[in-house]
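Notes follow once the structure below has been shown.
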Amino acid sequence: MDFINLPSSLQSGGNNLPVSFSVTDAAWRTPGGGTAATVFDPSTGVTARFSNRSNLMWVKLGGTANPTSGQAGGDYSADVDLDVYYTGN
Numbered sequence: 027m028d029f030i031n032l033p034s035s036l037q038s039g040g041n042n043l044p045v046s047f048s049v050t051d052a053a054w055r056t057p058g059g060g061t062a063a064t065v066f067d068p069s070t071g072v073t074a075r076f077s078n079r080s081n082l083m084w085v086k087l088g089g090t091a092n093p094t095s096g097q098a099g100g101d102y103s104a105d106v107d108l109d110v111y112y113t114g115n
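Mapped onto our numbering, the consecutive letters of the sequence shown carry residue numbers 27 to 115.
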């Protein structure tokens, strides 16, 4: 799976809030296995496998907001695209 076009900033009206992603800001796991999530670098993607118990997978993305001095308050957001390739294996 690959995160496509990770944003460099979040937007609120005409305001931008810089955001960055580190090598540990994404994770995936399947339910029921009792295992911890597998952490990965969202800028490079990862190969993940579904468990034999279900065809479900949780994917989480975090990041670091880097507000500037005098950053305007507000609700900031950005779109993130996640491409998942199912190979049938």
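Ideal Cβ placement from N, Cα and C applies to all residues, glycine included.
(message) Considering only their Cβ atoms, is the gap separating G89 from S46 smaller than 8 Å?
(response) Contact: yes.
(message) Out of D109, A104 and L108, which one is the CA nearest neighbour of P44?
(response) Out of D109, A104 and L108, A104 has the C-alpha closest to the C-alpha of P44.
(request) Could you tell me the distance, in whole angstroms, from the CA atom of L108 to the CA atom of M27? (result) Taking the straight line joining both Cα atoms gives about 7 Å.
(message) Please report the distance separating the alpha-carbon of N31 from that of K86.
(response) The straight-line gap from Cα to Cα measures roughly 16 Å.
(message) For P33, list the residues DSSP reports as bridge partners.
(response) None; P33 has no bridge partner.
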